[in-house]
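Residue numbers (UniProt numbering): 1 to 267.
Right under this line is the structure:
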């Protein structure tokens, strides 16, 4: 049984349907990437899977649980979410932001427990931002903020991560750093714990390097799913993005690498 199952999901805003009949699965130990042009429904799909948006129809299951039947705190213990470009309170310290990740384990008006602080420190050390603990969010760089956001999600001690363009606007060194942290978290699950990741990517070459499988969306629908080599082809990119590209194997690991062909965009 897949760790995450998305079955025939339809999602929209009012009368406007944005995601149409999308199904996908993430097996335990997998990182599955969602790619596609802007406006194709990638972020809306992530919001629906996380429970932030209610689907018009379809189901989402995680580890056998139908997520729509779970309370918010129960869902938050299962899924950690790193949203796209969130508005963080700039007068909060980094450690205060990461402590928000412990909310599903705390009762109303309860002070942070020793277990909360242990989980926060572990999450911040694993994302290399413990040294930023007392720094204000407003003082942090883009890469530092992203590590703090990831630490907040890890502090929830989830079995699944949802990432909405976690590396957008980051320099290449920070892109690699964030993805290596995610891969390390995925690999270090406790005995018997199954972990998985579903992430939206803007950068095709980054997705090809790190994802076990890819799902290519276009106009709210799933165009094709498969390994990076099966999904990232010149024909598929032309169909989804309307752009002519060349795809060739990476010289080190043979993963598909996309090259732009100037002046050959489809009008």
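The beta carbon of each residue, even a glycine, is placed where N, CA and C say it ideally should be.
Residue 121 is a Cβ neighbour of residue 130, given a cutoff of 8 angstroms. For the pair residue 6 and residue 22, the CB atoms are nearer than the 8 angstroms cut-off.
Residue range 16-26 is occupied by the beta strand (DSSP E) that includes residue 25, with no alpha helix (DSSP H) assigned at that position. Cβ neighbours of residue 133 within its own chain (closer than 6 angstroms, five residues either side excluded): 94, 95. Put simply, the backbone Cα of residue 19 is about 31 angstroms away from that of residue 193. Residue 63 sits in coil when the DSSP states are folded into three classes, being neither helix nor strand. Residue 147 and residue 127 have their C-alpha atoms spaced approximately 6 angstroms apart.
One Cα belongs to residue 42, the other to residue 226, and the distance between them is close to 17 angstroms.
A Cβ-Cβ distance of about 5 angstroms is found for the pair residue 257 and residue 250, placing them in contact under the 8 angstroms criterion. Inclusion of residue 8 and residue 162 in the CB contact set at 8 angstroms is not warranted, their separation being larger than that value. For the pair of segments examined, the segment 101-109 was found to touch the segment 76-86: the number of CB pairs separated by less than 8 angstroms reaches three. Residue 214 is bridged by DSSP to 33, 226.
Annotation for residue 126: the continuous alpha helix (DSSP H) segment containing it runs 114-126.
Relative to the Cα of residue 200, the nearest Cα in the group 168, 100, 52 belongs to 168.
For residue 247, same chain residues with a beta-carbon under 8 angstroms away, outside a window of 5 residues either side, are 232, 233, 234, 237, 256, 257, 258, 259 in chain order. Counting only unbroken stretches of 4 or more residues, the alpha helix (DSSP H) elements lying wholly within the segment 161-212 are 172-187, 204-210, in sequence order.
Non-local C-beta neighbours of residue 224 in its own chain, meaning closer than 7 angstroms and more than five positions away in sequence, comprise 216, 231, 236, ordered along the chain. Fully contained in the segment 67-97 are the following beta strand (DSSP E) runs of length 3 or more, in chain order: 79-82. For residue 34 against residue 45, the beta-carbon gap comes to about 7 angstroms, under 8 angstroms, which counts as contact. In this structure, the alpha-carbon of residue 214 lies about 8 angstroms from that of residue 208.
Separation of residue 59 and residue 69 (C-alpha to C-alpha, rounded to the nearest whole angstrom) is 10 angstroms. Each residue's CA atom was taken as its position, placing residue 263 and residue 221 some 28 angstroms apart. Distance between residue 36 and residue 218, taken at the CA atoms: about 6 angstroms.
In this chain, the beta strand (DSSP E) harbouring residue 4 covers 4-13. Judged by DSSP in its simplified three-state form, residue 139 adopts helix.
If you compare the alpha carbons of 83, 164, 4, 179 with that of residue 67, the shortest gap goes to 4. Shown here, residue 101 sits in a helix according to DSSP, grouped into three states.
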